[in-house]
Every structure is written in structure tokens, then in C-alpha cells.
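Accompanying notes for the structure given below.
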Amino acid sequence: MPDFAELEQALKTRLADLTARAEGLEDDLRQPLDADWEEQAVDLADDEALAGVDEVLRQEIVQIRAALGRIANGTYGTCAVCGEDIDLGRLKARPIATRCIAHAA
Ligand SMILES: [Zn+2]
């Protein structure tokens, strides 16, 4: 099995950056965090809170989390369609890829 440590680090760095941006957007959209009970309840549901964030940003966060999950469970780098290994060059260019070049949408 290939060593994905470098890609994992890149994904984590990207995720931290996106999460920071998402939180910044939420701060713009929302009153101070502990303004009232309802807002605290919203803050507890992390994914729900992201619903107010730009859709493109949210989608990428979801995809990166999924990619990190695949690295953790050993399914990363395998095409979701044919099960073949995804070319490492492709993964480096697009770490969130779930399909080989032949099956890319
Ligand atoms: Zn494939």
C-alpha cells in the first residue's frame, strides 16, 4: 500500500484553512456566539452550523473529511467504480479524487 502521509498532511492543511474560512464566514453571518440559548444549540451541531456557509466551501470540507476518512480506513486511492488504484500523480493534483482517470466524471 502506498504511503499517503504527504497527501494526508496536504489535506489536513487544506481542511484547517477551509474550516478557518468557514468559521470566519459564520461569524459574519451570526451574532456573538452566546447571544442566546438557540444559538448555542446551533453551535453544538457542527455540520448544521456549516449549512450557512458557502456551498462550494462546505462541499470541499465534506470531501476532504471523506478523503481523510478513506486514508484512515485504508480505502484511499482506490477507484470507487473499478477498484483499481488511482494514479498517484492524479491524487497529488486532486487529493479528494475518488475515481481513476478512466472513470472520472
Ligand atoms: Zn476506475
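Per the numbering used here, the sequence shown runs over residues 190 to 294.
Note that the Cβ used here is the ideal one computed from N, Cα and C, for glycine as well.
Spatial distance of residue i from residue j (CA atoms)
i      : j      : result
Cys271 : Asp243 : 32 angstroms
Asp274 : Ala293 : 13 angstroms
Arg279 : Cys289 : 8 angstroms
Leu257 : Ile285 : 9 angstroms
Arg203 : Ala291 : 26 angstroms
Asp206 : Leu277 : 24 angstroms
Val245 : Ala269 : 22 angstroms
Arg254 : Arg247 : 11 angstroms
Arg259 : Leu214 : 28 angstroms
Local conformation of residue i per DSSP, three classes
i      : result
Ile285 : coil
Leu233 : Residue confidence for Leu233 is low, a pLDDT of 47 falling below 50, so the modelled location carries little weight; the figure read from the coordinates is stated next. In the structure shown, Leu233 sits in a helix (DSSP, three-state: H, G or I).
Asp243 : coil
Ala293 : coil
Asp192 : coil
Beta bridge counterpart(s) of residue i as assigned by DSSP
i      : result
Thr267 : Asp274
CB contact below 8 angstroms: residue i versus chain B
i      : result
Asp192 : Among the chains in the structure shown there is no chain B, since it carries only a single protein chain.
Worksheet item: Around ligand 1, which residues pass a check of Cβ closer than 6 angstroms to any of its heavy atoms?
Response: That query returns the following residues: Cys268, Val270, Cys271, Glu273, Arg288, Cys289, Ala291 and His292.
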